[in-house]
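J.: Just dropping this structure here.
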Amino acid sequence: MAKFEAEQEEHNMTKKVAIIIPTLNERKNILEIIQALRSVVLDIKIIIADSSADGTDELVRQTYLGDKKVVVLKCGRLGRGGAVKKGYEWVRKHSQAELIAVADADGSHNPKELPRLLVRSEEAGLVIGSRYVVGSRIVGWPWYRQVFSRAANLSASLILRAGIKDYTNGYRVFHRTLIDQFNLDSLNADGYIMLSQELYQVQLLGGRVAEVPTTFVNRQRGKSNFHLGLIVESGIIMARLWKEMQKTRRRLAQVTQDQNGQENILLR
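Set out below in C-alpha cells:
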C-alpha cells in the first residue's frame, strides 16, 4: 500500500488529471464513485456526462455546489459513446488536463485502481484497464455478458490488430495530445463500440497502447444499461472499421511500394 500511495503522490505533482464519467440513471452510485476518485487522486477534475432521467445530474450539482473540480454536462438522450464524446469536447475547450481518464459510474471500474493506470501512462499514450491480462479478475458478471465481451474482443482484435488483450473495456487513460488530435466527427457510435473507434484513431496517430490488470466487478446497485441495440450497433460499426482498415493498409502498402521504387531509381 505504501508504494501505491507514493506513486500516486508523485504523479499528482507532475500531471493534471481529468476524468469523464458517462452516467445513465446512476443516482445510487455516483456520489460514492466521486468520493473514491477524490480520495486517490487529490487534484482530479471530474466531468459527469449525464443522460439520466433519475436526477443524477441534480444530485451531483447540489452535492458539489460551488466546487469547480466537479462539472456536470447534460447530454440529453445520448448513449455512453455520445456522452464521452461530449466530455472530450468540453475538455478540449475548457480544461488544461494533461491526462484524460474515462470510467463507468456503475462501480465496475474501481476508482482505487486509477493511480496504476496514471502511472503507466508515462509509457503509453493510451492505457487500458484490462480484464484479460495476467492479474486481472472478473467478478459477478453474467455469462451472456462475458460471451458478448469475448466475441466483441475477438472481432476487434481481428480488425484492429493492436496487439492487446482487452479492446472493449472503457476504463482508460489518454494523453491529452491524442484527445486534441482525435477526429471527433468519426467518433459517431452511441454505445460501447466507440471504444474501438477510439483505438483506431490512436493507431492512426501512432500512439502506443498499454494495459494494466484490473478487477472488473459487476454492478451492485441500479439497472444495467446493456441492451440488444448495442450488439447491432457494434456489428455495423465493426464492419465499417474493417473497410476503413483495409483502405488504410492498402494506402500504406502503396506508399511503401512507391518509396522502395524511388530508392531503386536513386541507386541506379
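Convert by adding 274 to the 1-based position in the sequence shown; the result is the number in my numbering.
Virtual Cβ for every residue (Gly too), placed ideally from N, Cα, C.
(1) State buried or exposed for A292, treating a residue as buried only when at least 16 other CB atoms are found within 10 Å of its CB.
(2) Kindly list the residues whose CB is nearer than 7 Å to the CB of R524, restricted to its own chain and excluding five residues on each side of it in sequence; keep chain order.
(3) For I294, does the count of other Cβ atoms within 10 angstroms reach 16, so buried, or fall short, so exposed?
(4) At which residue ranges does the region 362-430 contain complete alpha helix (DSSP H) runs of 4 or more residues, listed in the order of the chain?
(5) Taking the alpha helix (DSSP H) that L473 belongs to, which residues open and close that run?
(6) Tell me whether E300 is buried or exposed, calling it buried when 16 or more other Cβ atoms sit within 10 Å of its Cβ.
(7) Are three or more beta carbon pairs between the region 431-445 and the region 396-412 nearer than 8 Å?
(8) At which residues does the beta strand (DSSP E) containing L347 begin and terminate?
(9) Name the residue from Q455, N457, S470, R450 whose alpha carbon lies nearest to the alpha carbon of L428.
(10) Mind checking whether G444 and G355 have CB atoms under 7 Å apart?
(11) Can you tell me where the beta strand (DSSP E) holding I293 begins and where it ends?
(12) Suppose contacts are defined by Cβ-Cβ distances below 7 Å. Is L391 in contact with V476 by that definition?
(13) When DSSP labels each residue in this structure, what does A357 get in the three-state scheme?
(14) Using DSSP with H/G/I as helix, E/B as strand and the rest coil, what is T489?
(15) Run through DSSP, which three-state label would D324 get?
(16) By the 10 Å Cβ neighbour count, where 16 or more other Cβ atoms means buried, how is G231 classified, buried or exposed?
(17) When you measure from the CB of S410 to every non-hydrogen atom of the ligand ATP, does any distance come out below 6 Å?
(18) Going by the CB atoms, is the gap between R450 and I402 shorter than 7 Å?
(19) Just mark V344 as buried or exposed, buried being the case when its beta carbon has 16 or more other beta carbons within 10 Å.
T.: Looking at the atomic coordinates:
(1) Residue 292 sits at position 18 when you count from the first residue of the sequence shown. So A292 counts as buried.
(2) Mapped onto the sequence shown, residue 524 falls at position 250. Cβ within range, chain order: n/a, list empty.
(3) Residue 294 sits at position 20 when you count from the first residue of the sequence shown. I294 comes out buried.
(4) 388-394
(5) Translated into the one-based positions of the sequence shown, residue 473 becomes position 199. Its alpha helix (DSSP H) spans residues 468-478.
(6) To locate residue 300, count along the sequence shown from 1; it is residue 26. That one is buried.
(7) yes
(8) One-based indexing of the sequence shown puts residue 347 at position 73. Element bounds for L347: 344-348.
(9) Position 154 of the sequence shown holds residue 428. Taking only the C-alpha atoms, the option nearest L428 is S470.
(10) Within the sequence shown, residue 444 is the residue found at index 170, counting from 1. Within the sequence shown, residue 355 is the residue found at index 81, counting from 1. Against a cut-off of 7 Å, the Cβ pair of G355 and G444 comes out as no contact.
(11) Along the sequence shown, read from residue 1 onward, the residue named residue 293 stands at position 19. Counting along the chain, the beta strand (DSSP E) containing I293 begins and ends at 291-297.
(12) Here residue 391 is taken as the residue at index 117 of the sequence shown, counted from 1. Here residue 476 is taken as the residue at index 202 of the sequence shown, counted from 1. Cβ distance not < 7 Å, so L391 and V476 don't count as in contact.
(13) Taking the first residue of the sequence shown as 1, we reach residue 357 at position 83. DSSP places A357 in helix when its eight states are reduced to three.
(14) Here residue 489 refers to the residue found at position 215 when the sequence shown is read from its first residue. T489 falls in the strand class under three-state DSSP.
(15) Taking the sequence shown and counting its residues from 1, the one referred to as residue 324 is at position 50. Strand at D324.
(16) Residue coverage of the chain in this structure runs from 275 to 542, which leaves residue 231 outside it and unanswerable.
(17) Judged by which ligands are present, the structure shown has none, so any question about the ligand ATP falls away.
(18) Taking the first residue of the sequence shown as position 1, residue 402 is located at position 128. Taking the first residue of the sequence shown as position 1, residue 450 is located at position 176. For I402 and R450, no; Cβs fall outside 7 Å.
(19) Mapped onto the sequence shown, residue 344 falls at position 70. So V344 ends up on the buried side.
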